[in-house]
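The numbers in numbering that gives the first Met the number 0 rise by one with no breaks, and the one at position 241 of the sequence shown is 240. Backbone N, C-alpha and C define an ideal beta-carbon position, used for all residues, glycine too. Here the structure is laid out as structure tokens; the discussion comes afterwards.
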Amino acid sequence: MNEKEHFKESSSDSVYSLKNVSLFETIYGKNLISIGSFASVDYMFSDLTIKGLNALDIGFGLGGIAFYLAKNYQMKICGIEIHPWMVKYAYEHAPKDITPQLNFAIYDDKGRIPYNAESFDIVYSKGVLNHVRDKETLFQQVNTTLKPSGLFVITDWIFPQSTPDNSGPLVCETQASYQQVLQNAGFNKISFRNDSKMFLGYVQALLENLKKCKESIGQEYGKELFSEIWNQHQELIEDIQHSRKFSMRILAKKPAG
Ligand SMILES: C[S@@+](CC[C@H](N)C(=O)[O-])C[C@H]1O[C@@H](n2cnc3c(N)ncnc32)[C@H](O)[C@@H]1O
0 MNEKEHFKES
10 SSDSVYSLKN
20 VSLFETIYGK
30 NLISIGSFAS
40 VDYMFSDLTI
50 KGLNALDIGF
60 GLGGIAFYLA
70 KNYQMKICGI
80 EIHPWMVKYA
90 YEHAPKDITP
100 QLNFAIYDDK
110 GRIPYNAESF
120 DIVYSKGVLN
130 HVRDKETLFQ
140 QVNTTLKPSG
150 LFVITDWIFP
160 QSTPDNSGPL
170 VCETQASYQQ
180 VLQNAGFNKI
190 SFRNDSKMFL
200 GYVQALLENL
210 KKCKESIGQE
220 YGKELFSEIW
230 NQHQELIEDI
240 QHSRKFSMRI
250 LAKKPAG
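Written out as structure tokens, the structure is:
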């Protein structure tokens, strides 16, 4: 399998491999695998008070968001992943001064989040949940790990009312289906903030940066892969501009008990 096929491969196992780290960091920024850099992390929590909270990061990837929140908001962050190499990677790349605030793990052998009930003030997830088909099981576990009145904060793609095509590797939710699955998992006070305009700016900035890295990506990974990444992000811009896809910040609260 060449680099291009490897990156395009639909299974999350092969895309999210250690050998793609330098490519991810060139596209998304240091220790990140999602669009918008740290500005989008600040914006995700812009209307919330998060300083000093205990948090769980679902799908921490390379650990960049956890490092950022630990350093800039003095938070204690646990993280959960499906890829064991990411646990090792995040520990190895965490700035030394914040390692006491961090804990990374994979799901236990029964597929459960390995943290105690009512451990967290806040659970967050950025750019991950469109990989998860059985959201209800995961969201029930999230609910259990939250303290009463705790908050679940999500950044994810949402599709318009029309029936979404769920034949691909990524799961397409509508606002209604997200609302329903969060309710089923025991959450209330569910709200949706459409961040698509902000995301449009983030994708445009990403493309500007990609232009500057054209030579180096071409040399290391091949010109075809560069074009593939370029076209994917151009397509994303068109999808956002034509309201075929929305970037949503979703909040859901665990009831007080
Ligand atoms: C687009 S990356 C985002 C990583 C990180 N949140 C960030 O913004 O840099 C998606 C991540 O979700 C992880 N992932 C996929 N399914 C998951 C699941 N069911 N639970 C936890 N993580 C998952 C992948 O391993 C990958 O690291």
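For residue j and residue i, believed in contact at Cβ under 8 Å, the rounded distance
i	j	result
R248	P159	The Cβ separation is near 17 Å, so there is no contact.
I32	L205	No, I32 and L205 are not in contact; Cβ-Cβ is about 12 Å, not under 8 Å.
H82	G62	About 12 Å separates the two Cβ atoms, so there is no contact after all.
Those residues which DSSP pairs with residue i across a bridge
i	result
Y123	D56 and V152
C77	L55 and N102
A251	F151
L145	F119
I157	F245
F191	I249
Option in the options with minimal Cα separation from residue i
i	options	result
F66	T48, E227, S39 and K95	K95
V131	F37, Y177, D41 and A54	Y177
L235	V170, L101, W156 and T136	W156
N115	Q240, I189, F44 and T143	T143
V257	E117, D164 and C171	Beyond the ends of the chain as shown, which are 0 and 256, falls residue 257; an answer cannot be given.
E117	K146, I97 and Q100	K146
N165	N129, P99 and S226	N129
S13	Y42, L52 and W84	W84
F191	E237, L250 and P163	L250
G110	Q139, N53, Q240 and N102	Q139
T48	K29, Q73 and E24	Q73
N193	K211, N208, Q174 and D108	Q174
DSSP three-state assignment for residue i, whether helix, strand or coil
i	result
N1	No answer about N1 holds up, because its pLDDT of 39 lies below 50 and its placement is not dependable.
S45	coil
T25	helix
S10	Any reading at S10 is ruled out, since the residue's pLDDT is 49, under 50, leaving its predicted position unreliable.
T286	No statement about residue 286 is possible, as the shown extent of the chain runs from 0 to 256 and does not include it.
I228	helix
S322	Absent from the model: residue 322. The displayed extent of the chain is 0 to 256, so no value can be given.
I34	coil
K82	Residue identity differs from the one stated: residue 82 is His in this sequence, not Lys. Coil, per DSSP.
Q39	A small correction: the amino acid at residue 39 is Ser; Gln does not occupy that position in the sequence shown. Correct three-state label for S39: helix.
Is it a yes or a no for the stretch 11-22 touching the stretch 76-94, going by three-plus beta-carbon pairs under 8 Å?
With contact defined as three or more Cβ pairs closer than 8 Å, the stretch 11-22 and the stretch 76-94 are in contact.
Decide if the stretch 114-124 is in contact with the stretch 148-162; the criterion is three or more beta carbon pairs, one per stretch, under 8 Å apart.
Using a C-beta cut-off of 8 Å, the stretch 114-124 makes contact with the stretch 148-162, since at least three inter-stretch Cβ pairs fall below that distance.
Report yes or no: do three or more beta-carbon pairs, one from the stretch 49-59 and one from the stretch 72-79, lie closer than 8 Å?
With the cut-off at 8 Å, the stretch 49-59 and the stretch 72-79 touch.
Using 8 Å as the threshold, is the stretch 199-213 in touch with the stretch 179-187, meaning 3 or more CB pairs across them?
Between the stretch 199-213 and the stretch 179-187, the count of C-beta pairs closer than 8 Å stays below three; the two stretches do not touch.
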